[in-house]
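Engineer: Have a look at this one.
In the numbering used here, the protein residues as written are 127 to 293.
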C-alpha cells in the first residue's frame with residue numbers, strides 16, 4: 127500500500143503550524159478523530175478532515191483492544207519508509223501514550239485502511255537506531271511533532287514500524 131499525497135499548499139502549511147500550538151493541539155485531541163471519521167464517511171473513505179486541512183496523509187488503523195478484544199479504529203498520520211508505515215504515539219504531546227499504542231503492544235497485527243483500500247500489517251516498536259531516523263522523518267512530515275515531543279518530554283514516545291503481511 128502506498129500513501130499518495132500532494133505537498134501541502136501555503137494555507138495547509140499555516141494550519142499545520144497553528145495545530146502544533148498547545149491550546150489548538152488540546153482542542154484537536156478532543157475533536158479531530160470525530161471530524162476525520164465524519165469526512166471519511168462523507169467522502170467514501172477517500173479523505174479526512176486532517177488531510178483536507180493540512181495535506182497530511184491519514185490512515186485508519188484498526189487494532190484489537192488490549193483489554194476488550196474488540197476492534198478499535200483510529201485515524202492517524204503515518205510516515206513512510208519504503209514499504210513500511212511509521213506511527214508516532216505522541217497523543218498530541220499529552221501525558222500518556224494513546225490507547226492504540228497499548229493495543230498494538232498487546233496485539234501487534236492490525237489493519238490499515240487508506241483511501242478505501244485495506245491491508246494487514248504486523249507492528250513492532252522501532253529500535254533505538256530506527257527511532258532516531260524516524261524522528262527526522264516525523265519532523266519532515268509535520269512541524270508539530272517537535273512541539274509534541276517537548277510537551278511529552280517526561281515519557282518516551284513510542285514509535286511503531288508496521289510491515290505488511292502477505293495477502
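Note that CB positions come from ideal geometry on N, CA and C, so glycine has one too.
Keep in mind it's a predicted model, so treat the numbers as computed, not measured.
Below 8 angstroms on the Cβ atoms is my guess for residue 233 versus residue 190; work out the distance and round it to an integer in Å.
Structural biologist: Taking the first residue of the chain shown as 1, we reach residue 233 at position 107. Taking the first residue of the chain shown as 1, we reach residue 190 at position 64. So it is a contact: roughly 4 angstroms between Cβ atoms.
Engineer: Among 217, 242 and 178, which residue has its Cα nearest to the Cα of residue 137?
Structural biologist: Taking the chain shown and counting its residues from 1, the one referred to as residue 137 is at position 11. For residue 137, the nearest C-alpha among the options comes from 178.
Engineer: Evaluate residue 249 with the Cβ neighbour count: other Cβ atoms within 10 Å of its Cβ, from every protein chain shown; 16 or more gives buried, anything less gives exposed.
Structural biologist: In the chain shown, the residue the question calls residue 249 occupies position 123. The residue is buried, with at least 16 neighbouring Cβ atoms inside 10 Å.
Engineer: For the region 218 to 246, list the beta strand (DSSP E) runs that are entirely contained and at least 3 residues long, ordered along the chain.
Structural biologist: Counting only runs of 3 or more, we get 235 to 240.
Engineer: Are the CB atoms of residue 290 and residue 245 within a distance shorter than 8 angstroms?
Structural biologist: Taking the first residue of the chain shown as position 1, residue 245 is located at position 119. Taking the first residue of the chain shown as position 1, residue 290 is located at position 164. Closer than 8 angstroms, so yes.
Engineer: Which term fits residue 270, buried or exposed, when burial requires 16 or more other beta carbons within 10 angstroms of its beta carbon?
Structural biologist: Locating residue 270 in the chain shown gives position 144, where the first residue counts as 1. When all chains shown are included, residue 270 counts as buried.
Engineer: Give the straight-line distance between the Cα atoms of residue 157 and residue 209, rounded to the nearest whole angstrom.
Structural biologist: To locate residue 157, count along the chain shown from 1; it is residue 31. To locate residue 209, count along the chain shown from 1; it is residue 83. The alpha-carbon atoms of residue 157 and residue 209 are separated by roughly 31 angstroms.
Engineer: Considering only DSSP beta bridges, list what residue 199 is partnered with.
Structural biologist: Counting from 1 along the chain shown, the entry for residue 199 is found at position 73. Partner(s): 188.
Engineer: Would you tell me roughly how many angstroms separate the C-alpha atoms of residue 223 and residue 279, rounded to the nearest one?
Structural biologist: In the chain shown, counting from the first residue as 1, residue 223 sits at position 97. In the chain shown, counting from the first residue as 1, residue 279 sits at position 153. For residue 223 and residue 279, the distance between alpha carbons rounds to 12 angstroms.
Engineer: How many Å lie between residue 229 and residue 287 at the Cα?
Structural biologist: Locating residue 229 in the chain shown gives position 103, where the first residue counts as 1. Locating residue 287 in the chain shown gives position 161, where the first residue counts as 1. Using only the alpha carbons, I get a separation of about 14 angstroms.
Engineer: Cβ of residue 187 within 8 angstroms of Cβ of residue 202?
Structural biologist: Your numbering for residue 187 matches position 61 in the chain shown. Your numbering for residue 202 matches position 76 in the chain shown. Yes; because the gap between Cβ atoms is below 8 angstroms, this pair is in contact.
Engineer: On the premise that residue 145 lies in contact with residue 174, defined as a C-beta separation below 8 angstroms, what is that separation, rounded to the nearest angstrom?
Structural biologist: The residue labelled residue 174 in the question sits at position 48 within the chain shown. The residue labelled residue 145 in the question sits at position 19 within the chain shown. Actually they do not touch by this definition, with Cβ atoms about 14 angstroms apart.
Engineer: If you draw a straight line from the alpha carbon of residue 214 to that of residue 281, how long is it in whole angstroms?
Structural biologist: The residue you call residue 214 lines up with position 88 of the chain shown. The residue you call residue 281 lines up with position 155 of the chain shown. Using only the alpha carbons, I get a separation of about 13 angstroms.
Engineer: State the DSSP-derived secondary structure class of residue 129, mapped to helix, strand or coil.
Structural biologist: The residue labelled residue 129 in the question sits at position 3 within the chain shown. Three-state result, residue 129: coil.
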